[in-house]
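> In my numbering, the protein residues as written are 270 to 424. Virtual Cβ for every residue (Gly too), placed ideally from N, Cα, C. No experiment lies behind these values; they were computed from the predicted model shown.
1) Under 7 Å Cβ to Cβ from residue 291, same chain only, skipping five residues before and after it: list those, please.
2) First and last residue of the beta strand (DSSP E) that includes residue 359?
3) Give the straight-line distance between the Cα atoms of residue 418 and residue 374, rounded to the nearest whole angstrom.
4) Mapping the DSSP letters down to three states, classify residue 415 as helix, strand or coil.
5) What is the C-beta distance between residue 380 and residue 347, in whole angstroms, given that I count them as a contact (C-beta under 8 Å)?
6) Taking the CB atoms as reference points, tell me whether residue 303 and residue 314 lie closer together than 9 Å.
7) Could you give the residue range of the alpha helix (DSSP H) that holds residue 339?
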């Protein structure tokens, strides 16, 4: 949208990895410049909607799910662990009271180091973002319930 290389863009997304993902505008940057200084709210919302549909768009064009993005993310995470770089990434982790939830795996910012997840970063979420996070957690739990009901986790 802005014409900068993707390698210069950094973003933080919480929640699930689908229609209920929650990109945090204040945590998206191009270089060292927050996109809140570069994009209007409408432009940012357009990017969010395209991101939410990105998986379906990849399937439409390639006939298969995207593998480069997830593969690159996994490589980045493995590098952080092997190098003990204490890198902050958004990662699906089992919450144990963080953000007010327990026993659910959801994407939140974490610090990755030699022991894997060294720390779950607990950000303060405004009311609107907390509501979106609740919707995302509910969606994840609904999916788990469907899988359990259909014996997916049976040995």
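So, from the data block:
1) 282, 283, 284, 398, 401, 402, 405
2) 356-365
3) 18 Å
4) helix
5) Not a contact, Cβ separation roughly 15 Å.
6) no
7) 337-351
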